[in-house]
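Peer 1:
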Amino acid sequence: MSDANPGRRIAVVLFNLGGPDDQASVKPFLFNLFNDPAIIGLPGIFRTPLAKLISSRRETSAQANYALMGGGSPLLPETRRQAEALQAVLGARLGGDEVKVFIAMRYWHPLTEETAAEVAAFGPDEVVLLPLYPQFSTTTTESSLKAWNAAYTGPGVSRAVCCYPAATGWVEAQAQAIGEKLDEAVGQPVRVLFSAHGIPEKLVTGKGDPYQEQIETTVAAVVAAIEAQRGPIDHAICYQSRVGPMKWLGPSTPEAIETAAKDGIGVVVTPIAFVSEHIETLVELDIEYGELAHEKGASPYLRASAVGIEPLFIDALADAAVGALSHAGVAPFGQGCKADWKACPHRKGRQAA
């Protein structure tokens, strides 16, 4: 039984990046992505023409990749299933309240502005902003928070979860998915590769982005959960999806796969920063990196599934949403940053207070 005050209207807004619905929406999706100052940090007078150029040049190759998934991204349908599962859990936990879960995508529909209008029409007493990015980054959560704060003018007290890198259910769901692949590889030496989406190194060293530290926090928690059941495992952190000439966090996932091949072992790759299947998992990890592993001789090549609607993960999201109702402003659910990172929104909030 919930000890929350009854009768509230609670809007929970799930943040995600979004993805094109079909071939025609690939180019505008890419434009929205590269026109975000969190992605390309140039003044708009330079950034917008550059975003147009990049989206035009990458349209054909991106369309080919989305064609491998049926023409568009599965991210929105996956996120809808997560929203439905979360709403069911929250409805059971907060029986005296009316809870509705919304989806706000950063770069394609339903865009933040559309969702902000829907939430305002719902007329909430409380708004919980909950990113589907477990680890905070200026390129994801901060960008989504800024877009929401600029768009939302409706009622309700807004509270945000900035991150949940070591949330129990999130960690257990990851450990469970990896464990299934370790069982599949039994008798064959493998290294668990925790593959996170990369970001330019200068965001960490220059802007004080805590993303790398939080990835390491998640990995340490997942490894501890696995080793408590199985004993020591061979593992490494790597980063995928590099674009452009800048130095990115490393080693890259392709480099880690090649290293495993040289060591004469296979790999279990797990998407440690993604909570749903989309182009970076279904095409990049499954197809492109799978082919690389075959070419280099890293065998077996196994990929742990994203957590999706695994009940352990949905419970973690519910815990984070309910927990957010008891704090003001922006705060982590569970362990957040260890170091005093400049870009940490919780740190900024404490300083402002």
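In this note's numbering, the protein residues as written are -12 to 340. Beta carbons are placed, not taken as given, at the ideal position from N, Cα and C, and that holds for glycine.
Mind checking whether Gly185 and Leu236 have CB atoms under 7 Å apart?
Peer 2: In the sequence shown, counting from the first residue as 1, residue 185 sits at position 198. In the sequence shown, counting from the first residue as 1, residue 236 sits at position 249. Yes, they are a contact pair.
Peer 1: Taking the straight line between their C-alpha atoms, what separation do you get for Gly83 and Leu312?
Peer 2: Mapped onto the sequence shown, residue 83 falls at position 96. Mapped onto the sequence shown, residue 312 falls at position 325. If I take the Cα positions, the gap works out to 15 Å.
Peer 1: Within 10 angstroms of the Cβ of Gly59, are there 16 or more other Cβ atoms? Answer buried if so, exposed if not.
Peer 2: Within the sequence shown, numbered from 1, the residue matching residue 59 stands at position 72. So Gly59 counts as buried.
Peer 1: Quick one: what's got a C-beta closer than 8 Å to Ala54's C-beta in the same chain, skipping five residues either side?
Peer 2: The count along the sequence shown starts at 1 and reaches residue 54 at position 67. Same-chain partners within the cutoff: Gln10.
Peer 1: In terms of DSSP beta bridges, what is Phe181 paired with?
Peer 2: For the purposes of this step, residue 181 is taken as the residue at position 194 of the sequence shown. Paired residues: Ile224 and Thr257.
Peer 1: For the alpha helix (DSSP H) containing Asn136, name the first residue and the last one.
Peer 2: Here residue 136 refers to the residue found at position 149 of the sequence shown. Looking at the DSSP string, the run of the alpha helix (DSSP H) that includes Asn136 is Ser130 to Ala138.
Peer 1: With contact counted as at least three CB pairs below 8 Å, one residue from each stretch, are the segment 33 to 45 and the segment 6 to 24 in contact?
Peer 2: Taking 8 Å as the limit for Cβ pairs, the verdict is that the segment 6 to 24 does touch the segment 33 to 45.
Peer 1: Please confirm whether any heavy atom of the ligand FAD lies closer than 6 Å to the CB of Pro142.
Peer 2: With respect to the ligand FAD, the structure shown offers nothing to examine, as it has no ligands at all.
Peer 1: Three or more C-beta pairs under 8 Å: does that hold for the segment 205 to 215 against the segment 239 to 253?
Peer 2: No, the segment 205 to 215 is not in contact with the segment 239 to 253.
Peer 1: Cα separation between Glu203 and Ile224?
Peer 2: Translated into positions along the sequence shown, residue 203 becomes position 216. Translated into positions along the sequence shown, residue 224 becomes position 237. Distance between the alpha carbons of Glu203 and Ile224 is about 8 Å.
Peer 1: Return the chain-ordered list of same chain residues with a C-beta closer than 6 Å to the C-beta of Val191, the five sequence neighbours on each side being excluded.
Peer 2: Here the question's residue 191 lines up with position 204 in the sequence shown. Gln199, listed in sequence order.
Peer 1: Please state whether DSSP places Arg(-5) in a helix, a strand or coil.
Peer 2: Counting from one through the sequence shown, the residue named residue -5 turns up at place 8. Of the three classes helix, strand and coil, the one that applies to Arg(-5) here is coil, per DSSP.
Peer 1: Could you tell me whether the Cβ atoms of Val262 and Val294 are closer together than 7 Å?
Peer 2: Within the sequence shown, residue 262 is the residue found at index 275, counting from 1. Within the sequence shown, residue 294 is the residue found at index 307, counting from 1. Taking 7 Å as the Cβ cut-off, Val262 and Val294 qualify as a contacting pair.
Peer 1: For Thr205, does the count of other Cβ atoms within 10 angstroms reach 16, so buried, or fall short, so exposed?
Peer 2: On the sequence shown, residue 205 is found 218 positions in, with the first residue counted as 1. Classification for Thr205: buried.
Peer 1: With which residues is Phe89 paired in a DSSP beta bridge?
Peer 2: Counting from one through the sequence shown, the residue named residue 89 turns up at place 102. Phe89 is bridged to Val0.
Peer 1: Please classify Ser42 as buried or exposed, where buried requires at least 16 neighbouring CB atoms within 10 angstroms.
Peer 2: One-based indexing of the sequence shown puts residue 42 at position 55. Flag for Ser42 reads buried.
Peer 1: How far does the alpha helix (DSSP H) with Gly78 in it reach, from first residue to last?
Peer 2: Mapped onto the sequence shown, residue 78 falls at position 91. Element bounds for Gly78: Leu62 to Arg80.
Peer 1: Starting from Arg290, follow the beta strand (DSSP E) in both directions and report where the run begins and ends.
Peer 2: Along the sequence shown, read from residue 1 onward, the residue named residue 290 stands at position 303. It spans Tyr288 to Arg290 - the beta strand (DSSP E) in which Arg290 sits, taken as one unbroken run.
Peer 1: Under the rule that 16 or more other beta-carbon atoms within 10 Å means buried, what is Asp306, buried or exposed?
Peer 2: Walking along the sequence shown from the start, residue 306 turns up at place 319. Answer is buried; the Cβ neighbour count reaches 16.
Peer 1: Let's test the definition: count the other Cβ atoms within 10 Å of the Cβ of Gln175 and tell me whether it reaches 16, buried, or not, exposed.
Peer 2: Translated into positions along the sequence shown, residue 175 becomes position 188. Result: exposed.
Peer 1: For Met92 and Phe123, I'd like the C-alpha separation in whole angstroms.
Peer 2: Walking along the sequence shown from the start, residue 92 turns up at place 105. Walking along the sequence shown from the start, residue 123 turns up at place 136. So the two alpha carbons sit approximately 16 Å from each other.
Peer 1: Should the segment 127 to 139 be called in touch with the segment 87 to 101, which here means at least 3 C-beta pairs below 8 Å?
Peer 2: At 8 Å Cβ cutoff, the stretches touch.
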